[in-house]
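J.: Have a look at this one before I ask anything.
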Amino acid sequence: MRAAVVRTFGGPETVEIVEAEVPEPGARQVRIKVAAAALNPVDAGVRGGFFGGAGKRIGFGWDVAGTVDATGVATAWSVGDEVVALDPGMVRPLGTHAEYVVVDTDAVAKAPATVDAVHASTLPLNALTAEQALELLELTEGQSLLVTGAAGAVGGFAIQLAARRGVSVTGLAREGDEELVRSLGADFASKTAELGTFDAVLDAANLGEAALEWVRDGGAYVGVRPGGHPESVRGVRTTAVAVTADGARLARLAALVDEGVLTLRVAETYPLDDAAKAHARLDAGGVRGRLVLVP
Numbered sequence: 003m004r005a006a007v008v009r010t011f012g013g014p015e016t017v018e019i020v021e022a023e024v025p026e027p028g029a030r031q032v033r034i035k036v037a038a039a040a041l042n043p044v045d046a047g048v049r050g051g052f053f054g055g056a057g058k059r060i061g062f063g064w065d066v067a068g069t070v071d072a073t074g075v076a077t078a079w080s081v082g083d084e085v086v087a088l089d090p091g092m093v094r095p096l097g098t099h100a101e102y103v104v105v106d107t108d109a110v111a112k113a114p115a116t117v118d119a120v121h122a123s124t125l126p127l128n129a130l131t132a133e134q135a136l137e138l139l140e141l142t143e144g145q146s147l148l149v150t151g152a153a154g155a156v157g158g159f160a161i162q163l164a165a166r167r168g169v170s171v172t173g174l175a176r177e178g179d180e181e182l183v184r185s186l187g188a189d190f191a192s193k194t195a196e197l198g199t200f201d202a203v204l205d206a207a208n209l210g211e212a213a214l215e216w217v218r219d220g221g222a223y224v225g226v227r228p229g230g231h232p233e234s235v236r237g238v239r240t241t242a243v244a245v246t247a248d249g250a251r252l253a254r255l256a257a258l259v260d261e262g263v264l265t266l267r268v269a270e271t272y273p274l275d276d277a278a279k280a281h282a283r284l285d286a287g288g289v290r291g292r293l294v295l296v297p
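Taken in order, the sequence shown gives residues 3 to 297; the numbers are from our numbering.
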C-alpha cells in the first residue's frame with residue numbers, strides 16, 4: 003500500500019510516498035480502508051522534527067474516515083462498517099495518511115450519516131481535543147469562556163460544544179473571521195479582549211501567557227499543546243489537553259454532526275500522492291477548515 007512518511011526532517015519537500023505492507027489487525031483491533039484523512043498542524047510538527055525520531059521513518063496522520071475491511075478477535079465491528087477513528091501517535095512508522103490503517107476497536111465510532119467521508123475525516127482529532135479541553139475547564143451553564151484561534155478547527159468545535167452547554171462564548175480571531183465566528187455561536191473579539199473578565203480561556207491559538215491575562219482571578223486556562231501551558235498566576239488553574247482516543251465519545255460527537263450541532267469544514271482535498279503539496283498549503287497559512295488527503 004502507499005503511505006506518506008518523512009525520513010529527513012524539514013519542509014514539505016521532505017514528505018515521501020512509499021510502499022509499505024498492508025497492516026494486519028490484532029486482537030481488539032480493526033483495519034480500515036482509508037477513504038479520507040485530514041492533515042493537521044501536528045503533522046507539520048512531526049515533519050519538522052518537533053517530536054523527535056531522527057533517523058526513523060515516521061508516518062503522518064491521526065484522523066481517518068473509511069470502511070472496516072478486516073477485524074481481529076474481540077471486536078464489535080464488522081467488515082463493511084463505515085467508521086471514523088482517532089489514531090494518535092507522534093513517532094510511528096505509519097499513520098492514517100495511507101491506504102489502510104489498523105486502530106484499536108475502542109478508538110472507532112460509526113461515521114456521521116449526513117456527511118461524506120472527506121468531511122467526516124475532519125472530526126476526530128479536533129472535536130475530541132475541543133471536548134476534552136472543555137471537560138478540563140469544568141465550566142457550568144452561564145459562565146464565560148474566551149476561545150482563542152476561534153476560526154480554526156479546534157476553536158470552532160469548542161465554540162459550538164460550549165454554547166450547547168449554555169456557556170457564554172467569545173471567540174478571538176482576525177477581523178476577517180468575524181462572520182464565521184458569530185455563525186458558530188460566539189460573540190466576537192479581534193486582537194484583544196477585556197483583561198481579567200472571563201471565567202476561562204481555551205487557548206487554541208497557543209498564545210500562552212498573553213491569553214492568561216484574559217482570565218479572571220481564580221479562573222481556568224487550558225491550552226492545546228501538552229506541557230506548553232503557562233505557570234499559574236492570580237490563582238488561575240492552568241493545564242493543557244493531551245487528546246486521547248475515545249470511540250464512545252467520538253460516537254456522541256458524530257451524532258452531534260448529524261443533529262446539525264457541529265459544523266465540519268473542508269478547505270481543500272488532495273490525492274495522497276500530492277501529500278507534499280498539502281503540507282505546503284498548510285505551511286502557507288490562512289486555511290479555514292481542514293486539508294484532507296484522499297488515497
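All C-beta atoms, glycine included, are put in the ideal place defined by N, C-alpha and C.
With DSSP as the reference, identify every bridge partner of residue 68, one or two as the case may be.
T.: 36 and 85
J.: Starting from the C-beta of residue 38, find all residues in its chain whose C-beta is less than 6 Å away, skip the five residues before and the five after it, and write them out in chain order.
T.: Around residue 38: 67, 119, 120, 123, 294 and 296.
J.: Leaving aside the five residues before and after residue 309 along the sequence, list all residues of the same chain whose C-beta is less than 7 Å from its C-beta, in chain order.
T.: Shown here, the chain extends from 3 to 297; a query on residue 309 therefore has no answer.
J.: Any idea what DSSP makes of residue 80, helix, strand or coil?
T.: coil
J.: Where residue 49 and residue 283 are concerned, what is the direct C-alpha to C-alpha distance, given to the nearest angstrom?
T.: 14 Å
J.: Under 8 Å between the Cβ atoms of residue 183 and residue 195?
T.: no
J.: Considering only DSSP beta bridges, list what residue 18 is partnered with.
T.: 7
J.: Have a look at the DSSP bridge pairing and note the partners of residue 100.
T.: 5, per the DSSP bridge assignment.
J.: If you measure between the beta carbons of residue 216 and residue 200, is that distance less than 8 Å?
T.: yes
J.: So residue 4 packs on residue 100, CB below 8 Å; how close in whole Å?
T.: Between residue 4 and residue 100, the beta carbon gap of about 7 Å places them in contact (Cβ cut-off 8 Å).
J.: Helix, strand or coil: how does DSSP classify residue 282 here?
T.: Here DSSP, grouped into helix, strand and coil, assigns residue 282 to helix.
J.: Pull up the distance between the alpha-carbon of residue 250 and that of residue 107, whole angstroms please.
T.: 11 Å
J.: Would residue 133 be called buried (16 or more neighbouring beta carbons within 10 Å of its own) or exposed?
T.: buried
J.: For residue 97 and residue 74, which I take to be in contact (beta-carbon distance under 8 Å), what is that distance rounded to the nearest angstrom?
T.: 19 Å between Cβ atoms; not a contact.
J.: For the putative contact between residue 204 and residue 235, defined by C-beta atoms under 8 Å, what is the C-beta separation to the nearest angstrom?
T.: About 18 Å; that fails the 8 Å criterion.
J.: Could you pull out every residue in the same chain whose Cβ sits closer than 8 Å to the Cβ of residue 80, ignoring the five residues on either side in sequence?
T.: 70 and 73
J.: Are there 16 or more other CB atoms within 10 angstroms of the CB of residue 292, so buried, or fewer, so exposed?
T.: buried
J.: Can you give the Cα-Cα distance for residue 270 and residue 43, rounded to whole angstroms?
T.: 15 Å
J.: Hey, out of 214, 22, 35 and 276, whose CA is closest to residue 103's CA?
T.: 35
J.: Does the structure place the stretch 253–272 close enough to the stretch 152–168 that three or more beta carbon pairs sit under 8 Å?
T.: yes
J.: Using the three-state DSSP reduction, which class does residue 292 fall into: helix, strand or coil?
T.: strand
J.: Quick check on the burial criterion: 16 or more other C-beta atoms within 10 angstroms. Buried or exposed for residue 61?
T.: With at least 16 other beta carbons inside 10 angstroms of its own, residue 61 counts as buried.
J.: Going by DSSP, which residues form a beta bridge with residue 31?
T.: 106
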